[in-house]
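J.: For any residue, its number in the numbering used here is found by taking its place in the sequence shown, counting from 1, and adding 1.
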Amino acid sequence: MAGEAEENVKRTRRYDPARKEKILDKAFETVAEFGVAGVTHRRIAALAGVPLGSMTYHFKSMDELLFMVFSRFAQDGADFIKTRMEKAETPEDAIEIFASIMTDREWVNSQNMAVLYEFYSLATREPACRQILTDWSSSTRQCLERFFSPAAARAFDVCIEGVLLQNFLNPDGGLPQDEIIALLRRISLTDIPANAQASQQHP
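1. What would DSSP say about Trp108, mapped onto helix, strand or coil?
2. Within 8 Å, do at least three Cβ pairs link the region 151-160 to the region 65-82?
3. Spatial neighbours of Trp137 within its chain, please: CB distance less than 7 Å, with the 5 preceding and 5 following residues excluded, ordered by chain position.
4. Cutting at 8 Å between CB atoms, please list the residues of its own chain near Arg186, excluding the five before and the five after it.
5. Can you tell me the Cα-Cα spacing of Asp173 and Ser55, whole angstroms?
6. With H, G and I counted as helix, E and B as strand and the rest as coil, what does DSSP make of Arg126?
7. Over what stretch of residues does the alpha helix (DSSP H) that includes Arg85 continue unbroken?
8. In whole angstroms, give me the CA-to-CA distance for His42 and Gly50.
9. To the nearest angstrom, report how far apart Gly36 and Thr125 are at their CA atoms.
10. What's the call for Ala100, buried or exposed, on a 16-neighbour Cβ count within 10 Å?
11. Leaving out five residues before and five after Ser189 in sequence, what residues of the same chain have Cβ atoms less than 7 Å from its Cβ?
12. For Val134, which of Phe120, Arg147, Gln143 has the nearest alpha-carbon?
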């Protein structure tokens, strides 16, 4: 009877769903602090307060763990952008909201930016991570294409990546929101959709 109770306790611990999320949370923090090169099973297990064996139980390899960390991060980022952009009703709304995303400290903070650029670095070598980034960019462009042409949406997507990097690295804070808005307005005005070009050529 005692043996059966002990086995039930072990089974409960083994299938604890919160443990996997805790590992992912601490793996994210580890990437932010030490970079991908500094991520180890032992370090994450210690931070998460879980047995070392839990690491290999929940994740077959470190590659799988990092893939899950970056997948979740990208999905959270895509959802954040989508939720904000859904509030836009006009192109000017979209420009102002998109600019505000670039300076929003809820998402644009040192931890997230450190993980983002570790993610970019890993994606240069790992096709699976490149696909995560491609899907994230596609989601962002779809939000923008409600108001702008595909070419303008791509330019906006490139712009956010450049602004985030510059603002993250610049000790003075980088581009303020009003300058970002002005930049996005210029991008939107210089892009003329094909159907508009045709109408100008054939009045």
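Don't be surprised by glycine CBs; every beta carbon is placed ideally from N, CA and C.
T.: If we stick to the structure as given:
1. In the three-state DSSP reduction, Trp108 falls in the coil class, being neither helix nor strand.
2. Three or more Cβ pairs closer than 8 Å define a contact, and the region 65-82 falls short of that threshold against the region 151-160.
3. Answer for Trp137: Ala75, Gly78, Ala79, listed in chain order.
4. Ile96.
5. Rounded to the nearest whole angstrom, the C-alpha separation of Asp173 and Ser55 is 43 Å.
6. Residue state, collapsed to three classes: coil.
7. 63-86
8. 12 Å
9. 15 Å
10. buried
11. The beta carbon of Ser189 is closer than 7 Å to those of Pro92, Ile96, Phe149, Ala153 in its chain, skipping five residues each way along the sequence.
12. A small correction: the amino acid at residue 134 is Leu; Val does not occupy that position in the sequence shown. For Leu134, the nearest C-alpha among the options comes from Phe120.
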